[in-house]
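Following: one structure in structure tokens, then a few remarks.
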Amino acid sequence: MTQQVTTFEELGLSPKVLSAVKDAGYTTPTPIQAGAIPHVLAGKDVLGIAQTGTGKTASFVLPMLVRLERGRARARMPRTLILEPTRELAAQVEENFTRYGKNHRLNIALLIGGVSFEDQERKLERGADVLIATPGRLIDHFERGKLLLTGVEILVIDEADRMLDMGFIPDIERICKLLPFTRQTLFFSATMPPEITKLTEQFLQAPVRIEVAKPATTNESITQKLVKSGSKPWAKRARLRELIRAEGDELKNAIIFCNRKTDVSTLFRSLVRHEFDAGALHGDMDQRSRTTMLENFRKGKLRLLVASDVAARGLDIPDVSHVFNFDVPVHSEDYVHRIGRTGRGGRTGKAFTIVTKPDMKYVQAIEKLIGQQLEWYDGDLSTLTPEDEAEEKQTGKSGSRRRGKDSRQSRQKESPSRPAEKPATDKPAEESAAAEPAPARQEGQKARQQKAKASHEASAPAKDRQHRSAQDHGHSRHRGHEEKVVVGFGDFIPDFMKIPGKV
DNA sequence: AAAAAAG
């Protein structure tokens, strides 16, 4: 029988931690916290089966802080290691350590990709009490010899099933083998597929298993609707705008999920062009944009966030009133994760899924998974009019402006405009989306050209930029002026490197 | 068929 724990004080946490928890406004531990914290404090390995939104992060952060109160870190030898599948999740865990560790003097290092190595190296050099990392960057630092893992006292593997989905398991195995055998391991996963079970047998020693109920897969607090649409992208976008407008003030903020990164970009630009307060989030955006987007959305400075499945799981975005599936998720579990972004913490939420004819097989899979029939918002697909499937209507608005394939878009990291820089009506959204340059990543001549172009644009005064945008608007929007900024050859350009059709 | 993560 389990004793009902009602306060954090009963869990054996230290005064420093308790005071920080109190300041954060929490009084009652969640089931996973009540279950895990005493065992973590006792030094036991823990297998936590819990989803995000259950208070999982604090269930390891709080007791780890207590464990860290004794002893101190040595250079390049972190005392604890937390592995996360995505950069945003890693950053989120860091925030938790900062918030609850405010009465401690801890060195926290966050090792994630997409940002410079130098800061991270400095923090490692100083000696990290807490090291939070995504696997790729951690291994990178290790291979550069900036890191010794032989002093790790506690290892946390978070979102293990997602790591599996993302192909991180070999990395995890490799990292685990670098750690001392005597460490304590805390392992969290929302589900337990056979591969994960195998991992736990490999890396956990006599773990305490704590399983908490899923936060009701698709609970009653979420109103779910299917929305019929023509299959053309413009038709789906029009349908989405219609829905957003129809929800009016009831829609406080929303995440709009697309299946592909390119569709995130396209939809984001379309919404901005239609003067919606929108941002974008996907894995090919540069890290700075990802961070600011998420932050602005959390703070309520941004009403709509168009996102890939990077935002479907784990991210702590409280109080989202609506979720829109612009695309039906192909994996039905993703549906559950996506709509789980709303209706949290006892609030109500709405989830709309835009459905076209070819999507029906996925809808059926979703209905099977969640064990319920989803209702249609305004009639099923048989009630679509022929007009819905027609070619794009000429509305006379800028919405139908022809846009050629922009190769830059798919090859280079992009930085969508921030809400503060919401374009004026005379300035198309694309230009401002491209105005903030990202570092060129490709090798070779093309990359140097782009990089030179980017730094040129970055240093150009705003009005010059606007002027050029207006100029470029018509025929030669792409690389009209690039032949002047070739780097490394002076004025000489070898013939074979010249862009066909250019002088 | 796609996203994420090391470039």
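Numbering (full-length UniProt numbering), first residue to last: 1 to 503. Just so it is clear, CB atoms sit at the ideal spot from N, CA and C, and this is done for glycine as well.
Closest option to A278, judged by alpha-carbon separation, among R269, D286 and M285: R269. By the neighbour-count definition (other C-beta atoms within 10 Å, threshold 16), E94 is a buried residue. Closest in alpha carbon position to G43, among E159, R313, M64 and A34, is M64. The bridge partners DSSP lists for N253 come to none. The region 351–369 makes contact with the region 223–242; the number of CB pairs closer than 8 Å reaches 3 or more. A Cβ-Cβ distance of about 5 Å is found for the pair F257 and N325, placing them in contact under the 8 Å criterion.
In the DSSP annotation of this structure, the continuous segment of the alpha helix (DSSP H) that includes S19 starts and ends at P15 to D23. Only exposed fits R70, as fewer than 16 other CB atoms lie within 10 angstroms of its CB.
Burial is judged here by how many other beta carbons sit within 10 angstroms of a residue's own beta carbon; R245 has fewer than 16 and is exposed. Judged by DSSP in its simplified three-state form, G279 adopts strand.
The criterion of a C-beta distance shorter than 8 Å is satisfied by A307 and V264.
Residue range V46 to I49 is occupied by the beta strand (DSSP E) that includes G48. For L110, the enclosing beta strand (DSSP E) has its first and last residue at I108 to L111.
Distance from the Cα of F187 is smallest, within the candidate group T262, R74, R298 and R209, for R209. In terms of Cα proximity to T98, the closest of Q33, G114 and V21 is V21. Straight-line spacing of the CA atoms in T191 and K198 works out to 13 Å. Note that the C-beta distance between G55 and T27 is not below 8 Å. Judged by beta-carbon spacing, A24 lies beyond the 8 Å limit of L83, meaning their Cβ atoms are not closer than that value. The continuous beta strand (DSSP E) containing F324 extends over residues H322 to N325. Looking at the DSSP output, Q372 sits in no beta bridge, so it has no partner there.
Between the alpha carbons of K236 and A280 lies a gap of roughly 18 Å. Using a Cβ distance threshold of 8 Å, K301 and D284 do not count as a contacting pair. Residue environment for R87: buried (at least 16 other C-beta atoms within 10 angstroms of its C-beta). Exposure of K299 is indicated by the presence of fewer than 16 other C-beta atoms within 10 angstroms of its C-beta. Residues L148 and G151 of the same chain have their beta carbon placed closer than 6 Å to that of M77, with the five preceding and five following residues left out of the count.
By the criterion of at least three beta-carbon pairs nearer than 8 Å, the region 103–117 is not in contact with the region 153–162. Following the DSSP letters along the chain, one finds F117 in no beta strand (DSSP E) but inside the alpha helix (DSSP H) bounded by residues F117 to R126. Unbroken alpha helix (DSSP H) runs of no fewer than 4 residues, entirely contained in the region 25–84, are found at 31–41 and 56–68, following chain order. Boundaries of the alpha helix (DSSP H) harbouring F203: P194 to F203, taken from the DSSP string. With a threshold of 16 other beta carbon atoms within 10 Å, G371 falls short and is exposed.
Where A307 is concerned, the enclosing beta strand (DSSP E) starts and stops at L304 to A307. The Cβ-Cβ distance between V130 and T80 falls below 8 Å. In the structure shown, the three-state DSSP call for I244 is helix.
In the DSSP assignment, I210 falls outside any alpha helix (DSSP H) and lies within the beta strand (DSSP E) extending over V208 to E211.
DSSP links F168 through a beta bridge to no other residue.
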